[in-house]
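For the sequence shown, our numbering begins at 31 and goes up steadily by one.
These notes concern the structure reproduced below.
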Amino acid sequence: MDNKQITVIVKPTSACNLRCRYCYHAETGYEDGILPVDKLERFIRLLLEEYNSVVFIWHGGEPLLCGPEYFKTAVELQNRYRKEGQRIVNAVQTNGTLLNDEFLTFFRENRFSVSISFDGPGSCNALRGETGKTVDAFMKAIHAGVKPASLSVIHSLNMDKQVEMYRFFKQYGLNMKFNPAFGPSMGSKRPDYIPDTDSYIASLKALFEYWLYDKTAVHLDTIDQYLSIYFRGRGRDCSYGSCLYSWLGIDGKGDLYPCGRYYGPEFCLGNIMDYTNIRQVFLHKNYTELLKKSILRRNQCQNSCKYYSVCHGGCNNSCILDGDLEKPSVFHCTVLKEMLPYVKKTMDSYLKRTKKEQLNPVIAGYLKAGRKTP
Ligand code: SF4
Ligand code: SF4
């Protein structure tokens, strides 16, 4: 077994009981059907034969539609093929509506990280329903000792509510992440919901300002990305480094893709039953094509952009959704090129002016851990 690590997005089903309007499946289809156990077993076995560390992110559709027994089988299979010293991590991304006691006990006992998709006070009924059920899910999870994280989508209707959303999730002590909406779902069907880049940047700066002077601040992933770059010279998200050869996605039919985001059929890497090892997947002609175009883009970035050392050319999928894998994503580039100098200037001045005992506690934590950049 090689000393390698991989993150896999397992979408055991594309079916969903909520069907939010801003989900990319809203356009690409909510296919019923569950990844058959023989295919799941092949996937788990091949991963554990080859990798020393495997992070399984259970995604969908709504993965809890598969029922608790399905997850018990998955963990049994992981334990069957696990070798001594191997690291296995499980995380589940759910809309929370099916999160019952049986699931919660299982997730707690098997140390699953649970993240619930919810926009809190930024929820918009036109885009997602069952808000009450999702709030109940948060409460149930907190009482059951499973501290959930929250994942929110930022769109044109809630862009200006990010401070409110931060305060809402903070009161429950939750880790949170705010992701801007991306195509093709809203991009082609509801372009009016896609955040306009300049307004999005302005809203992000307003959130940063508020967060910076919050004396009881907690981690907010969106801000942590920038702080990580400021203090350590590198982002934390997959989009700040190359995910090539270290991420893979599988859908309910057992078809493999470069990751869990929306990829068209031209990026399908075949079916798990076609393979006897994972190395072969990365030799698929569609992967080679992805690789070639991605390298072309990264070379251009390296030759022309001063932020290449932290950005590395951005996320392949964002570029594909923007229309060209060989060119940087305009949204990603514009936001990064505006936010990095802004965060640097703001932080330099904040650190110069603020006494140690008055520091935002998250910033104090970064300083304690030591700054890796000049
Ligand atoms: S394609 Fe983008 S979202 Fe997918 S793993 Fe790579 S960087 Fe992350
Ligand atoms: S900011 Fe844009 S141009 Fe610069 S490296 Fe990233 S994707 Fe390339």
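Note that the Cβ used here is the ideal one computed from N, Cα and C, for glycine as well.
It should be emphasised that the depicted structure is a prediction, and the values quoted were computed from it without experimental measurement.
In terms of alpha-carbon separation, which member of the options lies closest to residue i?
i      : options                        : result
Val340 : Ser233, Ser258, Ala121         : Ser258
Leu65  : Val84, Glu80, Asn47, Cys96     : Cys96
Pro225 : Cys345, Pro210, Lys177, Glu239 : Pro210
Val34  : Gly395, Leu48, Gly344, Arg117  : The sequence shown places Lys at residue 34, rather than the Val named in the question. For the residues Gly395, Leu48, Gly344, Arg117, the minimum Cα distance to Lys34 belongs to Arg117.
Ile146 : Asn130, Gln123, Tyr256, Glu132 : Gln123
Asp69  : Asn82, Asn47, Val40            : Here the sequence assigns Lys to residue 69, which means Asp is not the residue at that position. Here the closest residue by C-alpha is Val40.
Val85  : Phe73, Asp304, Tyr243, Thr384  : Phe73
Asp131 : Arg112, Gly115, Phe361, Asp166 : Asp166
Asn125 : Lys382, Gly279, Pro178         : Pro178
Ser359 : Lys367, Leu313, Gly344         : Gly344
Glu87  : Phe101, Leu76, Arg75, Glu79    : According to the sequence displayed, residue 87 carries Ile and not Glu. Answer by Cα proximity: Phe101.
Tyr317 : Pro98, Lys375, Asn347, Thr246  : Asn347
Lys200 : Asn188, Asp304, His314, Ser180 : Ser180
Lys283 : Met303, Phe208, Lys322         : Met303
Tyr260 : Phe136, Asp378, Leu94, Phe137  : Asp378
Glu194 : Cys273, Ser153, Val105         : Ser153
Val119 : Ser143, Tyr111, Thr103, Lys323 : Ser143
Apply the 10 Å Cβ neighbour rule to residue i and answer buried if 16 or more other Cβ atoms are within range, or exposed otherwise.
i      : result
Asp352 : buried
Tyr292 : buried
Gly400 : exposed
Tyr243 : exposed
Ser182 : buried
Glu139 : exposed
His89  : buried
Gln192 : buried
Asn307 : exposed
Ser215 : Residue placement at Ser215 is flagged as unreliable, the pLDDT there being 42, under the threshold of 50; the coordinate-derived value follows with that caveat. Buried, since its Cβ has 16 or more Cβ neighbours within 10 Å.
Ser334 : exposed
Thr37  : buried
Taking the DSSP output, what are the residues bridged to residue i?
i      : result
Ala405 : The requested residue 405 does not occur in the structure, where the chain is confined to residues 31 to 404.
Leu286 : Ile280
Ile118 : Val84
Asn307 : Its beta-bridge partners do not exist; DSSP assigns none.
Is residue i helix, strand or coil by DSSP?
i      : result
Lys191 : helix
Pro93  : helix
Thr376 : helix
Ile36  : strand
Asn390 : coil
Lys207 : strand
Gln123 : strand
Ile184 : strand
Asn140 : coil
Asn47  : coil
Phe2   : Because residue 2 is not part of the residues shown, which for the chain are 31 to 404, the question remains open.
Glu71  : helix
Asp166 : helix
Arg197 : helix
Ser269 : helix
Gly400 : coil
Ala4   : A query on residue 4 cannot be resolved here, the shown segment of the chain reaching from 31 to 404 and no further.
Gly63  : coil
Glu356 : coil
How far does the beta strand (DSSP E) with residue i in it reach, from first residue to last?
i     : result
Val84 : 83 to 88
Tell me where the alpha helix (DSSP H) around residue i begins and ends.
i      : result
Thr252 : 251 to 262
Asn347 : 346 to 352
Ser334 : 315 to 334
Thr227 : 227 to 242
Phe297 : From DSSP, Phe297 is part of no alpha helix (DSSP H); its letter is neither H nor E.
Val340 : 338 to 341
Ala104 : 98 to 111
Any Cβ of chain C within less than 8 Å of the Cβ of residue i?
i      : result
Gly282 : Of the protein chains in this structure there is only one, and it is not chain C.
Residues passing the C-beta test against ligand 4 heavy atoms, cut-off 7 Å:
Because ligand 4 does not appear in the structure shown, any question about it cannot be addressed here, the ligands present being ligand 1 and ligand 2.
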